[in-house]
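Mapping the sequence shown onto the working numbering, position 38 (from 1) lands on 31, and the numbers just tick up by one.
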Amino acid sequence: MIEIKTNNQNSDTHFSNNENKTILERAFFGKNNCLKISLNKNKDCYFQFGMKKESSWQWKNVKFSDIELGQLYKFIQKSNYENNNSNNNSISFYHKYNDKSTQIWVNRYNDNIIIKTNDISKSLSEGEQMVLSILIERIILQKSFVW
């Protein structure tokens, strides 16, 4: 699903009980793109890929399972500790939800990783990768356990 939104927020991490029932949200903004990760009270995890078009944002929402999150977490962790010349510089998988299939690619380029779906992508620096891996770990724990 692609929707148009205007967003002027800075990147922050939030833990709240607001109206939309989001309990975790973090945005990684670039100049013309953004990757948001969120978890709601129903333990649904979404990645939102955003691209700035004129004065508004175009978003692609992708719901992630705990297995897909685990694949991404493992890739980030291995990529940070292995030689960049290894054969493990990319992963891809298809996510199926409501009879729609979305391919997700994750590639390593030098010290950055690039997460891409369709025509929207976001490059993450080493620091952003660390923050994302911590958030993914927390989300997997939230999805897997009853607190």
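For every residue, glycine included, the Cβ atom is placed at its ideal position computed from N, Cα and C.
On the criterion of 16 or more Cβ atoms from any shown chain inside 10 Å, does ILE127 qualify as buried, or is it exposed?
Against the sequence shown, residue 127 aligns to sequence position 134. Answer is exposed; the Cβ neighbour count stays below 16.
Would you kindly report the start and end of the unbroken alpha helix (DSSP H) that includes TRP48?
If you number the sequence shown from 1, residue 48 lands on position 55. Residue identity check: residue 48 is Ser in the sequence provided, not Trp. Where SER48 is concerned, there is no enclosing alpha helix (DSSP H), given that its DSSP letter is neither H nor E.
Classify ILE145: buried if its beta carbon has 16 or more other beta carbons within 10 angstroms, exposed otherwise.
Only positions -6 to 140 of the chain appear in this structure, which leaves residue 145 out of reach.
Inter-residue spacing [alpha-carbon to alpha-carbon] between GLN135 and LYS34
Taking the sequence shown and counting its residues from 1, one reaches residue 135 at position 142. Taking the sequence shown and counting its residues from 1, one reaches residue 34 at position 41. If you take the alpha carbons of GLN135 and LYS34, they lie about 10 Å apart.
What's the gap between the Cα of LEU17 and the Cα of ILE113?
What you label residue 17 is simply residue 24 of the sequence shown in a count that begins at 1. What you label residue 113 is simply residue 120 of the sequence shown in a count that begins at 1. Answer to the nearest angstrom: the Cα atoms are 23 Å apart.
Per-residue burial, GLY120 [other beta carbons within 10 Å of its own, 16 or more giving buried]:
On the sequence shown, residue 120 is found 127 positions in, with the first residue counted as 1. By the 10 Å Cβ count, GLY120 comes out exposed.
May I ask which residues mark the beginning and end of the beta strand (DSSP E) holding LYS136?
Position 143 of the sequence shown, counted from the start, is the residue given in the question as residue 136. No beta strand (DSSP E) holds LYS136; the alpha helix (DSSP H) holding it covers 119 to 137.
Just to confirm the assignment, what range does the beta strand (DSSP E) spanning LYS109 have?
Along the sequence shown, one-based indexing puts residue 109 at 116. Residues 105 to 110.
Assign PHE40 to one of two classes, buried (16 or more other C-beta atoms within 10 Å of its C-beta) or exposed (fewer than that).
To locate residue 40, count along the sequence shown from 1; it is residue 47. Per the 10 Å Cβ criterion, buried.
From the DSSP output, in three-state form, read off ARG71 for me.
Numbered from its first residue, the sequence shown carries residue 71 at position 78. According to the sequence shown, residue 71 is Lys rather than Arg. The answer is helix: DSSP assigns LYS71 an H, G or I state.
Can you tell me where the beta strand (DSSP E) with SER31 in it begins and where it stops?
Along the sequence shown, one-based indexing puts residue 31 at 38. 26 to 33 is the extent of the beta strand (DSSP E) around SER31.
Selected residue, minimal CA-CA separation from SER116, among GLY63, ASN26 and THR15
The residue given as residue 116 occupies position 123 in the sequence shown. It is ASN26 whose Cα lies nearest to the Cα of SER116.
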